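Below is one structure, written out as structure tokens; the observations come after it.
2 protein chains.
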Amino acid sequence: MRVTFRKMFKNVCTFLSCISSGKSGALTLKKCLHSKPNFTKNNYNIIRGNYSHVEEEHLYYFRKLLGETRIVTDLSDLEKYNVDWHKSLRGGSTIVLKPKTTEEVSKILSFCNSNRLAVCPQGGHTGVVGGGTPVFDEVVISTELMNEIISLDEKSGVLTCQAGCILQNVDEYLAEKNLVFPLDLGAKGSCHIGGNVSTNAGGLRVLKYGNLHGNVLGLEVVQANGVILDLLSTLKKDNTGYHLKNLFIGAEGTLGVLTKVAVQCRQRPKSVHVAFLGLQNFHQVLKTFYKCKQDMDEILTAFEVIDTPTMTLVNEKLGMQSPIGDYPFYVLIETSGSNEEHDQEKLDAFLKSCLLKNFILNGTVTGEVGKLKAIWALREKIPQGFAKDGYVFMYDMSLPLHNYYKLVDDMREHMGKLSHRVFGFGHLGDGNLHLNISVQKYTPEIAKHIEPFIFERTVHYKGSVSAEHGMGFLKSKYLGLMKSQESINVMRNIKKMMDPNGILNPYKTLG
Amino acid sequence: MRVTFRKMFKNVCTFLSCISSGKSGALTLKKCLHSKPNFTKNNYNIIRGNYSHVEEEHLYYFRKLLGETRIVTDLSDLEKYNVDWHKSLRGGSTIVLKPKTTEEVSKILSFCNSNRLAVCPQGGHTGVVGGGTPVFDEVVISTELMNEIISLDEKSGVLTCQAGCILQNVDEYLAEKNLVFPLDLGAKGSCHIGGNVSTNAGGLRVLKYGNLHGNVLGLEVVQANGVILDLLSTLKKDNTGYHLKNLFIGAEGTLGVLTKVAVQCRQRPKSVHVAFLGLQNFHQVLKTFYKCKQDMDEILTAFEVIDTPTMTLVNEKLGMQSPIGDYPFYVLIETSGSNEEHDQEKLDAFLKSCLLKNFILNGTVTGEVGKLKAIWALREKIPQGFAKDGYVFMYDMSLPLHNYYKLVDDMREHMGKLSHRVFGFGHLGDGNLHLNISVQKYTPEIAKHIEPFIFERTVHYKGSVSAEHGMGFLKSKYLGLMKSQESINVMRNIKKMMDPNGILNPYKTLG
């Protein structure tokens, strides 16, 4: 069914009233944490490294350094640092340290290194592969009190901040100066900039602004032995010696602890539009994407895809529904630019052409802030729906576009009646697929049926087993699927060089 | 003087006829090489590392591997590999090897490593800091025969090619597919992609597409011991283990020899415009830049500045002149987008507003390909002018914008009558200044008067002594000005780990 854009717009209003009526059943993080998973060390049969245990003498040092208020040792207070946000992992840390300054981090690491105490650096603890969750009794170094914005050059857009700044807070601060952070993701209300950089987080703006390797200008990092590395360049071009900062981007805290970050922020767009489209099949999704790049590349900010099972989940579990009726596939396109009228014209012409060519079946478009947010909520709240659909195996793949949805089809066939549903959605514009599988209840048999098949299939399709979430704890054992032995050897040599005692985030990344 | 855009356009035509009349005195690379500089080892008093010399037994191996035709040993043929393009450096290599495949590079390095023969990887040999020029008798490994495009995914824009592909050839190949390489620079007709990546080359498109750390998706690298590292991911998002490829971007061939590169190319813009403006002072240049970002950020591709001495040089030495008359400062703005009409409207509105606010005094704008090229030639041919202005000390700085031109003023004052002229021009949009100083004749006294003063002043202004050209041979001794001892220690440890015998491009980067 084709509708005019005016007609489409009415649909958005219906949709909005549905959201505001409170049908949405958003699940808070707190709720998740009320039930406790088993200890990771038992679930995964991990052998503890040869590290010291935290003793009274260590506690004495930490208390002297940070005072009582910046140390957590109470068992119930420790839970939120020990359990990951979707309750699949549980560490046994007995102490969380909350430094405020780089010097404190330096002293902590120097002490831990000398005393062979393993540490687990932790940001907003929003990761989904357990990179920031302790496995045994690692000393958790939380960056939550390292949340100061150090400087902003409004003209050049260069922001320098401490690693514990929350992404959303930073972006709101930047909004006041007509700037935008070059990264946006669902967990923005909790995740820390340092964690984002440590995991080379991707998210929603990669299509427009590129990845963090291109956007991070400088870092301050504390090495395992406590030595502070000042790599805090604030220049867009700086070709002096090896680009050490890039070594820490995506190293998941296994090579050093990030304390400060300098980022190239961008001009905040004056005009933002969102289109929400219904499509017949995945082939048309690809055609629409290619046409979108041809027709309006410079204003394209996001190109997201959602399949029917995912939309059904959002509808059933969160009470939200598609504003344009039911279609096999949905696409969310965001544009941003400097001229409202130009952007609207481009988007309108593109959509009309897509309708004419039968690439899309229906669609709605808006430039109003409230309505934009409501459409984005459909995409961003998807993870909250999973928390209500039994046990969900969550994956984050990267695939060549022609293979993107093949993996979802394959997994649906492979799972048969074993799964409740197989979901495919994600940042199609970057080739990034989130493939989730819900089952009635977790069993080791189902887990074995899924893994390593799903990763092997991904590699078969020339994809990556981790697009934007990193290897963390959960995926580290599959590193060999992605990297050659020669590459892994170099990684291990770097790790050994940077952290000879192996105290930094053990059991992660390289396993 | 304010002129209407129609009037401005006439100016461009006059300017074009001037260029096509042959007044331009382009200096070819060949011409430069007719005179020979002194040997670098003598000029700079360098001590040769403890490497073997190339003997008959080594020649025998290389001949067997590559055949006679892919080895250069003739003294006169060796010159172009031994002398850098602006004739300030001269190595004494006795052999140049021209492998075609990764496996050949692997065998060469394995052999050189076992025999303790130092090597100098060389691309198009267009660098200006001597990164690709041998210092003593290093074995030159030229990538000039490694020039195959391996694959192009036209839909995703991912190109994979051998390291020796010439930038311009690749960009022309991409143009046929409506794609564009995310890098452009003056030496594009000669420089190799591998050299670009090894030096983290910047150039003209960084403002729009970001740097190579963001755009290179994957690399194939041969390590010092001949082991091939397959880091050739072609995915936009791939977070599996340490991002090793970034370690080689900008490492100037001191950590490994690049053999293949995968790059994220972009949609070729349908509409390109260039504006050439005259301004009263540098303060107005900055105001114009900030307004430009506000008014048309998404279509801004380049923002270049040229000062009066530089324009005078271009006029005097190359017979080219400003199409808008004489002004203290000139700005070249390039926009690119998907809609001709929209881009024109944005640019017109921006220029009108700048005229009204007195940010700019005059200007000309064009969207015609021939005229675009003619205006760009004014900027791109500047380096050719220097070759005719006595001896020229050439620098490539990065500075916070508020300090950008202070360094030029300082150097003018510092040089007094010692210099003929001090020139300031560059990629202002990235904070990248090319500061050149011409003198009647090179003397060690003048060199000492300039250096290290110019670098210390740059650091005083929170800048970088190398924005886009790297450290190479010439700047390596100033690494300590830019990096902390802790950072240099880490760099040295990485070098030692990756190249224990130090055979890869000695005397470069880390000195």
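Protein sequences appear in the order of chains U and A.
FYI, in my numbering the residues of the first sequence are 92 to 602.
FYI, in my numbering the residues of the second sequence are 92 to 602.
Ideal placement from N, C-alpha and C gives every residue a C-beta, glycine not left out.
Being a predicted model, the structure only gives us computed values, none of them experimental.
*For His364 (chain U), which three-state DSSP category applies?*
Position 273 of the first sequence holds residue 364 (chain U). Strand, per DSSP.
*asked:* Between which residues of its own chain and Gly344 (chain U) is the CB-CB distance below 8 Å, once the five residues before and five after are set aside?
replied: Here residue 344 (chain U) corresponds to residue number 253 of the first sequence, with the count starting at 1. Within the same chain, Gly344 (chain U) has close Cβ partners Cys211, Pro212, Gly222, Gly223, Ser289, Leu595, Asn596 and Lys599.
*Can you list, in chain order, the residues of the region 547-561 of chain U whose Cβ is nearer than 9 Å to any Cβ on chain A?*
Look at the region 547-561 of chain U: the residues with a C-beta under 9 Å from a C-beta of chain A are Lys553, Gly554, Ser555, Val556, Ser557, Ala558, Glu559, His560 and Gly561.
*asked:* Which residues in chain B have a C-beta closer than 8 Å to the C-beta of Glu239 (chain A)? List them in chain order.
replied: Protein chains in the displayed structure are U and A, and chain B is not among them.
*Which residues of chain U have a Cβ atom closer than 9 Å to the Cβ of Val374 (chain A), listed in chain order?*
Here residue 374 (chain A) refers to the residue found at position 283 when the second sequence is read from its first residue. Note on residue identity: the sequence assigns His, not Val, to residue 374 (chain A). Per Cβ cutoff of 9 Å: no residues; His374 (chain A) is ~13 Å from chain U at best.
*Which two residues bound the contiguous alpha helix (DSSP H) that contains Asn306 (chain A)?*
On the second sequence, position 215 is the one that residue 306 (chain A) refers to. Run containing Asn306 (chain A): Leu303 to Asn306, per the alpha helix (DSSP H) assignment.
*Under a Cβ-count criterion, where at least 16 other Cβ atoms within 10 Å of its own Cβ denotes burial, should Thr534 (chain A) be classed as buried or exposed?*
Translated into the one-based positions of the second sequence, residue 534 (chain A) becomes position 443. Exposed, because fewer than 16 other Cβ atoms sit within 10 Å of the Cβ of Thr534 (chain A).
*Select from the region 335-360 of chain A all residues with a C-beta closer than 8 Å to any C-beta belonging to chain U, and list them in chain order.*
Against chain U - using a Cβ distance shorter than 8 Å - the residues of the region 335-360 of chain A are Leu335, Asn337, Leu338, Ile340, Gly341, Ala342, Leu346, Arg357, Gln358 and Pro360.
*With DSSP as the reference, label Phe514 (chain A) as helix, strand or coil.*
To locate residue 514 (chain A), count along the second sequence from 1; it is residue 423. Residue state for Phe514 (chain A) is assigned as strand, using DSSP reduced to three classes.
*Determine contact between the region 264-276 of chain U and the region 349-362 of chain U, defined as no fewer than three beta-carbon pairs at a distance below 8 Å.*
Counting Cβ pairs under 8 Å, three or more are found: they touch.
*Test: Val318 (chain A) CB closer than 7 Å to a CB of chain U*: Locating residue 318 (chain A) in the second sequence gives position 227, where the first residue counts as 1. Residue-level contact by beta carbon holds for Val318 (chain A) and chain U, with a gap shorter than 7 Å.
_chain U contact for Lys574 (chain A) (CB, 7 Å cutoff)_ = The residue given as residue 574 (chain A) occupies position 483 in the second sequence. Closer than 7 Å to some Cβ of chain U, the Cβ of Lys574 (chain A) qualifies, so yes.
*Quick one: Cα of Met402 (chain A) to Cα of Thr392 (chain A), how far?*
Looking up residue 402 (chain A) in the second sequence gives position 311. Looking up residue 392 (chain A) in the second sequence gives position 301. Within the model, the alpha-carbon separation for Met402 (chain A) versus Thr392 (chain A) is close to 22 Å.
*DSSP three-state assignment for Val490 (chain U), whether helix, strand or coil*: Looking up residue 490 (chain U) in the first sequence gives position 399. Looking at the sequence shown, residue 490 (chain U) is not Val but Leu. Of the three classes helix, strand and coil, the one that applies to Leu490 (chain U) here is coil, per DSSP.
*8 Å Cβ shell around Val261 (chain U) - same chain, five flanking residues per side excluded*: Within the first sequence, numbered from 1, the residue matching residue 261 (chain U) stands at position 170. Scanning its chain for C-beta atoms nearer than 8 Å, with the 5 sequence neighbours on each side dropped, one finds around Val261 (chain U) the residues Ile240, Leu250, Cys252, Phe272 and Ile284, in chain order.
*Is the shortest distance between the beta-carbon of Val313 (chain U) and the beta-carbons of chain A less than 7 Å?*
As a working note, residue 313 (chain U) is residue 222 in the first sequence. The beta carbon of Val313 (chain U) does not come within 7 Å of any beta carbon belonging to chain A, so the residue lies off that interface.
*Return the residues of the region 380-407 of chain U that lie within a Cβ-Cβ distance of less than 9 Å from chain A, sorted by chain order.*
If you check each beta-carbon in the region 380-407 of chain U against every beta-carbon of chain A, the ones closer than 9 Å belong to Phe380, Tyr381, Lys384, Gln385, Asp386, Met387, Asp388, Glu389 and Ile390.
*Can you name, in chain order, every residue of its own chain whose Cβ lies under 8 Å from the Cβ of Lys191 (chain U), other than the five neighbours on each side?*
As a position in the first sequence, residue 191 (chain U) is number 100, starting the count at 1. Around Lys191 (chain U): Arg161, Leu236 and Met237.
*the region 196-211 of chain U / the region 327-342 of chain U touching (three or more Cβ pairs under 8 Å)*: Touching, no, given that fewer than three Cβ pairs across the two stretches are closer than 8 Å.
*Pick from U:Lys532, U:Met485 and U:Lys508: whose alpha carbon is nearest that of His525 (chain U)?*
Within the first sequence, numbered from 1, the residue matching residue 525 (chain U) stands at position 434. Nearest C-alpha to His525 (chain U): U:Met485.
*In terms of residues, what are the limits of the beta strand (DSSP E) holding Gln253 (chain A)?*
Within the second sequence, residue 253 (chain A) is the residue found at index 162, counting from 1. Here the beta strand (DSSP E) through Gln253 (chain A) covers Val249 to Gln253.
*Put Leu295 (chain U) into one of helix, strand or coil per three-state DSSP.*
The count along the first sequence starts at 1 and reaches residue 295 (chain U) at position 204. Judged by DSSP in its simplified three-state form, Leu295 (chain U) adopts coil rather than helix or strand.
*Based on the DSSP secondary-structure assignment, which residues constitute the bridge partners of Ala353 (chain A)?*
Residue numbering aside, residue 353 (chain A) sits at position 262 when the second sequence is read from its first letter. Under DSSP, the beta-bridge partners assigned to Ala353 (chain A) are A:Thr251 and A:Gly309.
*Taking C-alpha atoms, which residue in A:Leu452, A:Val456 and A:His304 lies nearest to Leu438 (chain A)?*
By 1-based counting over the second sequence, the position of residue 438 (chain A) is 347. The residue with the shortest Cα to Cα distance from Leu438 (chain A) is A:Val456.
*Do you know offhand how far His304 (chain U)'s Cα is from Glu159 (chain A)'s?*
Looking up residue 304 (chain U) in the first sequence gives position 213. Looking up residue 159 (chain A) in the second sequence gives position 68. Straight-line Cα distance between these residues: approximately 43 Å.
*With distances taken from CA atoms, which of U:Asp590, U:Gly563 and U:His518 is nearest Gly293 (chain U)?*
Here residue 293 (chain U) refers to the residue found at position 202 when the first sequence is read from its first residue. Selected option, being the one with the closest Cα: U:His518.
*Please name the residue, chosen from A:Asn133, A:Asn173 and A:Asn206, that lies closest to His144 (chain A) on a Cα-to-Cα basis.*
Here residue 144 (chain A) refers to the residue found at position 53 when the second sequence is read from its first residue. Among A:Asn133, A:Asn173 and A:Asn206, the Cα nearest to that of His144 (chain A) is on A:Asn206.
*asked:* Against chain A, does Met488 (chain U) count as a neighbour if the rule is that its beta carbon must be under 7 Å from one of theirs?
replied: Translated into positions along the first sequence, residue 488 (chain U) becomes position 397. Cβ-Cβ to chain A under 7 Å: no for Met488 (chain U).
*Using the beta-carbon of each residue, which ones in chain U are nearer than 8 Å to Thr234 (chain A)?*
Here residue 234 (chain A) corresponds to residue number 143 of the second sequence, with the count starting at 1. The contacting residues do not exist; Thr234 (chain A) stays about 20 Å from chain U at best.
*Selected residue, minimal CA-CA separation from Phe514 (chain A), among A:Phe544, A:Asp480, A:Phe546 and A:Glu547*: Position 423 of the second sequence, counted from the start, is the residue given in the question as residue 514 (chain A). Checked all of A:Phe544, A:Asp480, A:Phe546 and A:Glu547; the closest Cα to Phe514 (chain A) is A:Asp480.
_Separation of Lys587 (chain U) from Lys121 (chain A), as counted between CA atoms_ = The count along the second sequence starts at 1 and reaches residue 121 (chain A) at position 30. The count along the first sequence starts at 1 and reaches residue 587 (chain U) at position 496. Low per-residue confidence applies at Lys121 (chain A): pLDDT is 33, beneath 50, and the placement is therefore not dependable, though the value from the model is reported in the following sentence. Each residue's alpha carbon lies about 48 Å from the other.
*Less than 7 Å separating the beta-carbons of Asp500 (chain U) and His560 (chain U)?*
The residue you call residue 500 (chain U) lines up with position 409 of the first sequence. The residue you call residue 560 (chain U) lines up with position 469 of the first sequence. Between Asp500 (chain U) and His560 (chain U), the gap from beta carbon to beta carbon reaches 7 Å or more.
*When burial is assigned at 16 or more other CB atoms within 10 Å of the CB, is Met99 (chain A) buried or exposed?*
Here residue 99 (chain A) refers to the residue found at position 8 of the second sequence. With a pLDDT of 38 at Met99 (chain A), under the threshold of 50, the modelled position of that residue is not reliable, and the figure given next carries that caveat. Under a 10 Å Cβ-count criterion, Met99 (chain A) is classified as buried, with 16 or more other Cβ atoms of the shown protein chains found around its own Cβ.
*So, is the C-beta of Thr119 (chain A) closer than 7 Å to a C-beta in chain U?*
As a working mapping, residue 119 (chain A) is identified with position 28 in the second sequence. Legend: pLDDT at Thr119 (chain A) = 28, less than 50; position of this residue unreliable, value from coordinates given subsequently. Not closer than 7 Å to any Cβ of chain U, the Cβ of Thr119 (chain A) fails to qualify, so no.
*Could you tell me if Ala538 (chain A) is buried or exposed, where buried requires 16 or more neighbouring beta carbons within 10 angstroms of its beta carbon?*
The count along the second sequence starts at 1 and reaches residue 538 (chain A) at position 447. With fewer than 16 Cβ atoms within 10 Å of its Cβ, Ala538 (chain A) is classed as exposed.
_Through-space distance from Leu243 (chain A) to Lys336 (chain A), alpha-carbon basis_ = Taking the first residue of the second sequence as position 1, residue 336 (chain A) is located at position 245. Taking the first residue of the second sequence as position 1, residue 243 (chain A) is located at position 152. Distance between the alpha carbons of Lys336 (chain A) and Leu243 (chain A) is about 20 Å.
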